[in-house]
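K.L.:
So in my numbering, spot 21 of the sequence shown is number 21, and the numbers just go up one at a time. By construction, the Cβ of each residue, glycine as well, lies at the ideal position given by its N, Cα and C atoms. Please find one structure pasted underneath; my questions will follow.
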Amino acid sequence: MLWSSLLSAGVAQANEAGDWVAQAGWFFIAPHESSDPLRTELTPTALGALLGIDPEFESPGTAASVDRSDTLALTLTYFVTDHLAIKAEGGIPARFDLRGEGVVRPTGPAGALIGVDLGAPANNPLARARQWSPALLLQYYFFEPQLRLRPFVGVGVTYTWFTDIELNPSFRDEVQRNFGAPLALAAGAPGPTHAEAESSPSWAPIFNAGLAYALGERWGVLASVSHVPLKTTSTIVLSAADGTRLARSETTIDLDPIVTSLLLSYRF
């Protein structure tokens, strides 16, 4: 009886061909990430060569991870047929914290003197950033539009980029003090150094499934889960006061987030 009443139309009318549906609600983003050890490229110097410092080195045991986040979701769906729909997703860009572990240390005798502890509590989170991920999906709705409850599946694509990237002041100071100052001296450009972070943009597919339930003639609710096999390359560039690049450290992070959404919809 309960299942029958959930599926029955009554006064409800689910979405059908020609309908536009606006939705607003909540995205919960849970990364399931893994990352490569940080790889660092130094600007070659005579002093560095004398001390046996490789211009390129990897720091075993280093890794980066991204915290979970949630944000406001805004979407718009157009039903091409009773079963096929095109959906655009957006909302307020989620804010993420990037955390680290391990120690970045160059090779040779200087490695005992130069290093940055990515896992130090005072240095974490290492950075914060906003993630923009507008998406476009093609969805298939099962059952007939007269039924209240309709499951659906979808596939789509998203383009992701990051803005407002801010380094933790404690981490930035340690990078500049313990790494930047010695490298600037070796490069013949002593003085203050500058550290900045960036993350590469990327395209990624989306795999989506969920349930839509019609509350009445116009209103409804929708719950869904999406998997996004997303990756990005996070980079920290260290420069001398005169702009000379001293070092570039980067790691590739497979974010692979699971995105859960709960939305209130209005059909017009």
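I need the DSSP call for Ala-212, collapsed to helix, strand or coil.
P.N.:
Correct three-state label for Ala-212: strand.
K.L.:
Quick one: residues in its chain with C-beta nearer than 7 Å to the C-beta of Thr-260, no 5 flanking neighbours on either side, listed in chain order?
P.N.:
Excluding positions up to five away in sequence, the list reads Phe-28 and Val-225.
K.L.:
Look up Ser-133 in the DSSP assignment and say whether it is helix, strand or coil.
P.N.:
Reduced to three states, the DSSP call for Ser-133 is coil.
K.L.:
Measuring CA to CA, which of Leu-255, Leu-183 and Val-80 is closest to Thr-244?
P.N.:
Taking only the C-alpha atoms, the option nearest Thr-244 is Leu-183.
K.L.:
Put Phe-171 into one of helix, strand or coil per three-state DSSP.
P.N.:
Correct three-state label for Phe-171: helix.
K.L.:
Measuring straight from C-alpha to C-alpha, what distance separates Gly-156 and Trp-203?
P.N.:
Approximately 11 Å between the Cα atoms of the pair.
K.L.:
Classify Gln-139 as helix, strand or coil using the three-state DSSP reduction.
P.N.:
If DSSP states are grouped into helix, strand and coil, Gln-139 belongs with the strands.
K.L.:
By alpha-carbon positions, which one of Leu-74, Leu-84 and Ala-240 ends up nearest to Trp-26?
P.N.:
Closest by alpha carbon: Leu-74.
K.L.:
Can you give me the start and stop residues for the alpha helix (DSSP H) that Thr-48 sits inside?
P.N.:
It should be pointed out that residue 48 corresponds to Gly in this sequence rather than to Thr. 46-50 is the span of the alpha helix (DSSP H), which, as asked, contains Gly-48.
K.L.:
Gly-90 to Pro-134, Cα distance in whole Å?
P.N.:
One C-alpha to the other measures close to 5 Å.
K.L.:
Quick check: what's the CA-CA separation for Ser-5 versus Ala-88?
P.N.:
Low per-residue confidence applies at Ser-5: pLDDT is 48, beneath 50, and the placement is therefore not dependable enough to give any value.
K.L.:
What do you get for Tyr-159, buried or exposed, if any count of 16 or more other CB atoms within 10 angstroms of its CB means buried?
P.N.:
Answer is exposed; the Cβ neighbour count stays below 16.
K.L.:
Indicate whether Phe-171 and Pro-106 have their beta-carbon atoms separated by less than 8 Å.
P.N.:
Contact flag unset, no.
K.L.:
Am I right that Val-175 and Leu-113 are in contact with their C-beta atoms under 8 Å? What's the rounded C-beta distance?
P.N.:
Not confirmed; about 15 Å, so no contact.
K.L.:
For Arg-267 versus Tyr-213, is the C-beta spacing smaller than 8 Å?
P.N.:
No, Cβ-Cβ distance for Arg-267 and Tyr-213 is not below 8 Å.
K.L.:
For Gly-281, tell me which candidate among Asp-19, Gly-108 and Asp-67 has the shortest Cα-Cα distance.
P.N.:
Residue numbering for the chain in the displayed model covers 1 to 268; residue 281 lies beyond these limits and cannot be assessed.
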